[in-house]
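Peer 1: Please see the structure below; I have some questions.
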Amino acid sequence: MASSATPPQGAGISVQGVHKSFGDRQVLRGIDLEVAPGEVVCVIGPSGSGKSTLLRCVNLLEEPSSGRVVVGGTEITDPEVDIDAARRRIGMVFQQFHLFPHLDVAGNLTLPQRRVLGRGREQARAVARENLERVGLADRADAYPAQLSGGQQQRVAIARALSMGPEVMLFDEPTSALDPELVGEVLGVMRGLADDGMTMMVVTHEMAFAREVADRVVFMDEGVVVEEGPAARMIGAPRQERTRNFLRRVLDPAGSGAGDGDGDWGSEEDRAKETT
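Just add 17 to the spot in the sequence shown (first one is 1) and you have the numbering used here.
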């Protein structure tokens with residue numbers, strides 16, 4: 018029986034010249050972005066910058082107005098592609114948990130496997146147990162969503178996505194609906210996935226997580242990629258004024274200017290060296 022604990026290798030993401038409009042409103046304005054196999058890329062930016070729309074275009078929950086998206090060598094924007102087969106390679110975790118309230122945790126994990134992948138009952142349950150253990154919820158298989166905390170429900174949602182054997186994982190603000198004290202448990206699971214080599218695109222407002230876990234950080238604003246680079250530089254010494262202004266607001270929302278150390282952009286001389 019195939020194990021779901023080790024993600025398939027070799028899946029990258031290529032976004033090429035992607036535009037997306039809703040009526041007259043242009044949300045994405047020619048996005049080019051590459052995510053290498055096994056790389057973790059965090060996408061940050063203000064509300065309305067197009068981050069979530071970009072993520073939804075990657076698995077064609079939103080169809081780009083123009084441009085190409087390639088996942089693991091398959092162009093999912095090709096009109097001839099089997100989109101259902103392509104989506105099976107892509108796991109997605111949303112802000113909300115989208116669990117079936119009438120099914121217990123094990124049922125939430127096994128039903129998609131049986132319906133979409135055609136797995137038998139015992140195989141599906143074995144994969145579910147494996148992934149519940151992976152997210153630290155092996156003892157909650159018989160619980161119902163209403164009996165779980167928000168953090169536990171989000172970890173179940175992650176385990177459900179992993180049970181489908183994805184080659185890449187997309188996370189759309191996975192902690193934004195959680196109470197602050199529950200955020201850490203979900204981020205801990207995501208750290209584990211990164212350590213396992215899972216290819217990940219993460220839209221997040223958790224700057225400490227982005228700096229610690231991401232290989233690269235992409236800053237978006239008004240539907241474009243303003244800048245991208247290694248996580249430490251992007252969070253600690255961004256080159257663009259728009260990025261610096263955003264991070265000042267995020268890291269020092271009180272506007273005191275003191276921040277918590279994350280907003281140290283360095284001297285003008287240091288920033289000049291960064292751009293050379």
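Virtual Cβ for every residue (Gly too), placed ideally from N, Cα, C.
Runs of 4 residues minimum, wholly inside the segment 72-105: which ones carry the alpha helix (DSSP H) assignment?
Peer 2: Listed in chain order, the complete alpha helix (DSSP H) runs (minimum 4 residues) inside the segment 72-105 are 100-104.
Peer 1: Using three-state DSSP, classify GLU51 as helix, strand or coil.
Peer 2: DSSP places GLU51 in strand when its eight states are reduced to three.
Peer 1: Does the beta-carbon distance from GLN257 to GLU244 come in below 8 Å?
Peer 2: The answer is yes: Cβ separation under 8 Å.
Peer 1: What's the C-alpha gap between ARG105 and ALA194?
Peer 2: Straight-line Cα distance between these residues: approximately 26 Å.
Peer 1: Determine the direct distance from the alpha carbon of ALA160 to that of LEU179, and round the result to whole angstroms.
Peer 2: Cα to Cα, the separation comes out at about 19 Å.
Peer 1: What does a CB cutoff of less than 7 Å around VAL203 pick up in its chain, not counting 5 residues either side in sequence?
Peer 2: The residues are GLY168, GLN171, ARG172, PRO191, THR192, LEU195.
Peer 1: At which residues does the beta strand (DSSP E) containing ASP238 begin and terminate?
Peer 2: 233-238 is the span of the beta strand (DSSP E), which, as asked, contains ASP238.
Peer 1: Compute the distance between the beta-carbons of MET237 and VAL60, then report whether it is under 8 Å.
Peer 2: Yes. Within cutoff.
Peer 1: Our contact map puts SER216 next to VAL241 with C-beta atoms below 8 Å; I'd like the distance itself, whole angstroms only.
Peer 2: Note on residue identity: the sequence assigns Thr, not Ser, to residue 216. About 23 Å separates the two Cβ atoms, so there is no contact after all.
Peer 1: Roughly how many angstroms lie between the CA atoms of VAL152 and ALA141, to the nearest whole one?
Peer 2: Each residue's alpha carbon lies about 17 Å from the other.
Peer 1: Output needed for GLN33: all residues of its chain with C-beta closer than 8 Å, excluding positions within five of it in sequence on either side, in chain order.
Peer 2: Hits under 8 Å: ASP49, GLY84, ARG85, VAL86, VAL87.
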